[in-house]
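Step one of this worksheet: look at the structure below.
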Amino acid sequence: MSHQAVSDQIQAPEPRSSPSGPSERTTDCSDSSATEDKGDAALVLGLNKLDIHDSSLVDNEGATDTEARATAAYGKPQGEANRGTATGEPITEEDRIFAHERHVVTQYLLDNVAEFRELSDIRLKGWNNPEGDRYFERQRHIADNPDDNTSKIFLGMMQRVGAKMQDATGVFTLSSKRPSMLALGCAPGGFVETALKVNRDAQVIGITLPAKDNGVECLVKNRRLRLIEADVTMLGADLGITEADIPPEHPDAKNFLPRQIRPRQQFNLVTCEGGILRTHQVASYREHREAARLKTSQLAIALARVKPGGSMVVLMHRAESRNSLYLFHIFSKFGKVRLFKPDFEHQHRSSFYMIVTSIQSQGEAAQRAVKQWTSEWKAATFCTEEEYREWLRSNTVDLNELLEEFGKEWVELSREVWNLQIKGLQRKSFTK
56 MSHQAVSDQI
66 QAPEPRSSPS
76 GPSERTTDCS
86 DSSATEDKGD
96 AALVLGLNKL
106 DIHDSSLVDN
116 EGATDTEARA
126 TAAYGKPQGE
136 ANRGTATGEP
146 ITEEDRIFAH
156 ERHVVTQYLL
166 DNVAEFRELS
176 DIRLKGWNNP
186 EGDRYFERQR
196 HIADNPDDNT
206 SKIFLGMMQR
216 VGAKMQDATG
226 VFTLSSKRPS
236 MLALGCAPGG
246 FVETALKVNR
256 DAQVIGITLP
266 AKDNGVECLV
276 KNRRLRLIEA
286 DVTMLGADLG
296 ITEADIPPEH
306 PDAKNFLPRQ
316 IRPRQQFNLV
326 TCEGGILRTH
336 QVASYREHRE
346 AARLKTSQLA
356 IALARVKPGG
366 SMVVLMHRAE
376 SRNSLYLFHI
386 FSKFGKVRLF
396 KPDFEHQHRS
406 SFYMIVTSIQ
416 SQGEAAQRAV
426 KQWTSEWKAA
436 TFCTEEEYRE
446 WLRSNTVDLN
456 ELLEEFGKEW
466 VELSREVWNL
476 QIKGLQRKSF
486 TK
């Protein structure tokens with residue numbers, strides 16, 4: 056499993072680095088993109104040919120209505136613990152431990168949000184259609200076996216998503232004398248290309264996994280891009296651990312990486328686009344924790360490195376999930392949170408982007424969040440199964456209190472994301 060995005064459309068993220076350590080290269084001295092812009096018509100044609108879609112519909116015959124709706128939102132129920140989630144990722148430890156909390160969140164939305172009820176119903180239609188099973192199996196095959204043409208199509212699509220995001224939010228406009236960006240899980244490079252195009256003097260550091268380890272190639276070639284090929288979840292030094300902290304018997308003892316980012320280096324914008332790659336082979340302890348390791352390593356590094364007043368763009372899935380609720384609430388304490396979902400590209404998917412601006416990264420709330428995510432990454436990386444479960448249980452918040460405090464704001468943030476996904480799913484034959 057890995058964490059780079061071919062694009063979120065096929066859930067093909069950024070694979071990992073080799074044990075010998077990361078490689079780094081400053082890309083080609085030209086300022087041109089790796090691919091020529093052949094126009095929206097050609098891009099749409101390519102996307103239609105691939106017909107990339109969200110595998111958020113899974114079989115769940117015999118479940119109760121709420122269970123079925125919850126599974127449509129989150130993946131297989133607890134009885135399917137050894138299967139993957141709806142998006143093809145392994146079931147996480149959090150999924151197992153907090154099954155009741157997921158039910159509470161789903162019921163809250165069903166009771167209070169008409170858009171979520173409509174979204175759940177249309178998901179169930181596709182879920183119960185065998186055509187949907189065949190369809191998503193094909194999408195998983197494309198995700199696991201991308202070719203050069205697929206990568207180029209997705210680069211073009213992500214460039215277009217970046218342009219739309221810029222038009223809607225201006226997040227790629229970096230107001231600084233020396234504008235800078237850190238891009239985690241950056242391949243194939245659409246957002247990097249957008250930032251470089253908008254800011255003619257911006258400097259970008261991109262971190263992605265090497266192609267030889269099943270990583271997706273970053274197709275952007277630019278002298279202002281410093282590309283580091285490394286596994287974000289193994290950036291031990293950047294996450295504050297030393298060699299002395301690593302047990303010699305740990306399965307990955309030799310795979311933790313030295314510092315990749317200068318100690319006090321900060322950025323105007325940090326993007327987190329990583330996701331889990333099914334084809335990446337990892338140590339057994341990581342199989343059910345990799346989503347947590349990836350989420351927490353990206354967020355901890357990103358928030359620690361964003362300049363005061365800077366911005367973050369975070370690829371997420373399922374605005375209706377417990378994880379989304381928690382993250383929206385945390386980020387709202389030290390920044391301005393809004394969500395962005397393209398009106399065409401992967402519209403029917405559960406994916407969206409959380410955009411946080413005016414981040415007070417030096418404030419107490421932000422510093423507390425960095426410590427919390429770093430601590431969770433360490434627990435997911437070094438603890439036994441029981442120790443990790445106990446860490447999760449002891450570090451959760453009261454869900455009912457959170458819904459009382461932040462539930463309405465969460466719904467208002469998410470409403471447009473759900474509406475766009477409904478429109479996208481309504482166009483699919485397997486939801487008729």
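Taking this note's numbering as reference, the numbering of the sequence shown is continuous, increasing by one, and the terminal residue is 487.
Cβ coordinates follow ideal geometry from the N, Cα and C atoms, glycine included.
Values in this document were obtained by computation on a predicted structure and should not be read as measured data.
Excluding sequence positions up to five before and after Ser484, its CB lies within less than 8 Å of the CB of Glu186, all in the same chain and listed in chain order.
Where Asn204 is concerned, the enclosing alpha helix (DSSP H) starts and stops at 203–224. In the DSSP annotation of this structure, the continuous segment of the beta strand (DSSP E) that includes Leu237 starts and ends at 235–239.
For Arg393, the three-state secondary structure derived from DSSP is strand. In the three-state DSSP reduction, Pro185 falls in the helix class (H, G or I). In this chain, the alpha helix (DSSP H) harbouring Thr161 covers 154–167. The beta carbons of Phe153 and Leu164 sit no closer together than 8 Å. Counting only the Cα atoms, Ala347 lies some 30 Å from Glu173.
The alpha carbon of Leu380 has as its nearest neighbour, out of Glu345, Glu342, Gly211, Asn455, the alpha carbon of Asn455. Boundaries cannot be given for Val452, as no beta strand (DSSP E) includes it and DSSP labels it neither H nor E. A direct Cα-to-Cα measurement between Asn474 and Arg157 gives close to 21 Å.
C-alpha of Lys362 to C-alpha of Ile410: approximately 15 Å in a straight line. Cβ contact annotation for Thr436 (same chain, cutoff 7 Å, sequence separation greater than five): Arg348, in chain order. The beta carbons of Leu294 and Thr439 sit no closer together than 8 Å. Closest option to Gln315, judged by alpha-carbon separation, among Val368, Asn323, Arg360, Lys276: Arg360. Taking C-beta atoms as the reference points, Gln353 and Ser405 fail to come closer than 8 Å. Looking at the DSSP output, Phe322 bridges to Val361. Taking the CA atoms as reference points, Trp446 sits about 14 Å from Asp150. Listed in chain order, the non-local C-beta contacts of Glu442 below 8 Å within the same chain comprise Ala434, local neighbours out to five positions each way being set aside.
Under the DSSP definition of a beta bridge, Tyr408 partners with Leu370, Phe395.
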